[in-house]
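Worksheet for the structure shown next.
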Amino acid sequence: MTNLLEFIGKKLLYSFGIVGEVLILLKRTVFAFREAPNNMPSILAQMAIIGYETLPVASVMAFFVGMVLALQTGVELSKYGTQDIVGSIVGLSMVREMGPVMVSFLVAGRAGSAMAAEIGVMKVYEEIDALTTLDIDPVRYLAMPRLIAALICVPILTIYSDCVGMLGGAIISHLHPRLFISYATYTDSLRMALKFREISAGLVKSFVFGGIIAVICCYVGFNTSGGARGIGVATTRSVVLSFMLILVADYFLTRILM
Numbered sequence: 033m034t035n036l037l038e039f040i041g042k043k044l045l046y047s048f049g050i051v052g053e054v055l056i057l058l059k060r061t062v063f064a065f066r067e068a069p070n071n072m073p074s075i076l077a078q079m080a081i082i083g084y085e086t087l088p089v090a091s092v093m094a095f096f097v098g099m100v101l102a103l104q105t106g107v108e109l110s111k112y113g114t115q116d117i118v119g120s121i122v123g124l125s126m127v128r129e130m131g132p133v134m135v136s137f138l139v140a141g142r143a144g145s146a147m148a149a150e151i152g153v154m155k156v157y158e159e160i161d162a163l164t165t166l167d168i169d170p171v172r173y174l175a176m177p178r179l180i181a182a183l184i185c186v187p188i189l190t191i192y193s194d195c196v197g198m199l200g201g202a203i204i205s206h207l208h209p210r211l212f213i214s215y216a217t218y219t220d221s222l223r224m225a226l227k228f229r230e231i232s233a234g235l236v237k238s239f240v241f242g243g244i245i246a247v248i249c250c251y252v253g254f255n256t257s258g259g260a261r262g263i264g265v266a267t268t269r270s271v272v273l274s275f276m277l278i279l280v281a282d283y284f285l286t287r288i289l290m
């Protein structure tokens, strides 16, 4: 029993230490924002990786998620003759939860893993030490552009995915024989349900999730060790930690924003 308590205590201290290091990295990265005008090429390059290159996958995923939402809810609601509110259900589901979480998972799995791997390679092969030797702050040079790009691109991707998902829901609602909801009815239901509060809540979530992805993946990359195997472990770890923290943050943000 004593050994178990000691083990739990060590793990808790280790976890608190990681939280402290992540917060310190976040603080240093935010303080480096004042150097953003001098790092625009790096920021734009990261925005292309996080935003532009993610658009095709986000489009397909959001479109079919919207179709599935409309199909699942519409068929059930048609049993009670209330299928006309499918638009509001799809819209609220996409804006409040599906859009921010889905896009954040996609960015974490695609761009976040690349962040951790790239920085991890630089760490293992001592390129980060070389930057320090050249009097270049690694946080300003590596973490700051990625955080800014994530804070900008994840909300934009969320808005785009919300629109694509609602479009997919409109198409399947109109074409499915058991629903056959006109586009006007779908749009009216959507307009009545979506208020500024719901839209802003989804954007706040996506903004926070983007910050979590960038900071966690950069932190894992900066603490990579162990050669090629360590890089692989760090990449997996960054994605898993990002997923977990996104879900935890989603719960608390939902409680606060409600």
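In the numbering used here, the protein residues as written are 33 to 290. Every residue gets a Cβ at the ideal spot worked out from N, C-alpha and C, and that includes glycine.
Which listed residue (the options) has its alpha carbon closest to that of residue i
i, options, result
"V118", "F212, I245 and S238", "F212"
"S291", "N71, M134 and A182", "Look at the range of the chain in this structure, 33 to 290, and you will see that residue 291 is not part of it."
"G197", "S110, G131 and E67", "G131"
"V62", "R261, A202, A182 and R229", "A182"
"A202", "A77, T267, C185 and D220", "D220"
"Q291", "R210, I180, Q115 and L189", "The shown model of the chain, from 33 to 290, leaves out residue 291, and the question about it has no answer."
"A94", "F239, S125 and T268", "S125"
"G253", "I204, D282 and R178", "R178"
Same chain, Cβ closer than 6 Å to residue i, five either side skipped, listed in chain order
i, result
"I285", "One point to set straight first is that residue 285 is Leu, not Ile, in the sequence displayed. K237, listed in sequence order."
"G262", "T256"
C-beta contact flag for residue i and residue j at 9 Å
i, j, result
"G123", "G200", "no"
"T256", "V153", "yes"
"A143", "E85", "yes"
"L51", "I248", "Sequence inspection shows Val at residue 51; the Leu mentioned does not correspond to that position. Cβ distance not < 9 Å, so V51 and I248 don't count as in contact."
"L87", "L189", "yes"
"G242", "I184", "yes"
"A225", "S120", "yes"
"F96", "F275", "no"
"I75", "A146", "no"
"L57", "Y251", "yes"
Residue i versus residue j: straight-line alpha-carbon distance, rounded
i, j, result
"S270", "V280", "15 Å"
"G264", "G113", "52 Å"
"V127", "C195", "9 Å"
"A148", "S214", "46 Å"
"G83", "K111", "41 Å"
Residues near residue i by beta carbon distance below 7 Å, same chain, minus five either side
i, result
"G259", "V156"
"L163", "P170 and Y173"
"K43", "With a pLDDT of only 49 at K43, under the threshold of 50, the placement of this residue in the model should not be trusted; the figure read from the coordinates follows. So no residue of the chain qualifies."
Residues of its chain near residue i, where Cβ-Cβ distance is below 8 Å and the 5 sequence neighbours each way are ignored
i, result
"F39", "Because the pLDDT at F39 is just 46, under 50, the model does not fix this residue reliably, and the point stays unresolved."
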